[in-house]
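Numbered as in the working numbering, the sequence shown ends at 262 without a single skipped number. Each residue gets a CB set at the ideal place from its N, CA and C atoms; glycine is no exception. Every value quoted in this text rests on a predicted model; they were computed, and no experiment measured them.
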Amino acid sequence: MIPMMTNCPHGPYVDFIGFGFDSKTNDYKLLRFFEMNDQSIGAELYSLNANCWTSITCIAPNYSPLYGAQYYYGNSFVNGAIHLLAYDREGSRCRVLAFDVSEQVFSEIPLPDHLSNASFFRAWLLKYRQSSIAIMTWKSEPNLMELWVMKEYGVATSWTKVFTEKRESVPRVLFFRQDEEQVFVAMKDGLIASLDLKTKHYSEDFGVGLVHSLEQYLVVDSYVESLVLLDKCCINSRWDVISIDQVDEFQIRSLWE
């Protein structure tokens, strides 16, 4: 069991939880970035090795977690950093914040001007290739879904729009295929589908269904065997790993049985 957080709110608040691995110390870490009801900003980090939370003091106080994005967290851990969408309250612009889990510091990554000035109804960050990020956005007016990829990590001019589609509702984006031409999404009917970015065709041949109430907690990522947790195994753990036979390069991790 993860211990109680250091800052436990008693009123309304918005927060983001990100997961990453510190390769320098062989330690799994959780980042919690939050805004309290009084608009104060805070961040704290959980270390599996230490089994405790510590407060992060090096934060940008003018940034707020993008409202609603905490429900659509994906596999945004890239280059040793956890990435999250945030709103610059002073500049009135959206940004990507990158938190280096080893150095425990934040840095900024600009979004395309088209996106940094926009107000999204929904937005997802996810890993692109093995060393960059992508963002899927959807706005209710004019019901437009867009997918942008950062071709060169950290270079603002390398953002490229690769997909646009008009939809009344948007599927939750889960994972980029290694061929970079398909993404896996959670559909409105509770099924996982593959979206071909060139043909805009959705395929639901995987036969994997979701429980609607748990959809927001689903995370899909590439799976690599590791012995890091060999001496930290938890008996009766609630974590489960579900393999998809048709796509053997990834597995689905579900927080619930």
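Taking Pro115 as reference, the option from Asn122, Trp129 and Arg100 with the minimal CA-CA separation is Arg100. At the C-beta level, Cys63 and Val106 stay beyond 7 Å of one another. For Leu36, the enclosing beta strand (DSSP E) has its first and last residue at Asp32 to Met41. In the same chain as Lys29, and ignoring 5 residues on each side of it, the C-beta atoms closer than 8 Å to its own belong to Ser107, in chain order. Excluding the 5 residues flanking it on each side, Asn67 has same chain C-beta neighbours closer than 7 Å at Asp93, Arg94 and Glu95, in chain order. When DSSP states are grouped into helix, strand and coil, His119 belongs to the helix group.
The three-state reading of DSSP puts Leu235 in helix, counting H, G and I together.
In the DSSP secondary-structure assignment, Thr162 is not bridged to any residue. When rounded, the separation of the alpha-carbon atoms in Glu113 and Ala103 is 6 Å.
Counting along the chain, the unbroken beta strand (DSSP E) around Met141 starts and ends at Ser137 to Lys144. In the three-state scheme derived from DSSP, where H, G and I count as helix and E and B as strand, Lys29 is classed as coil.
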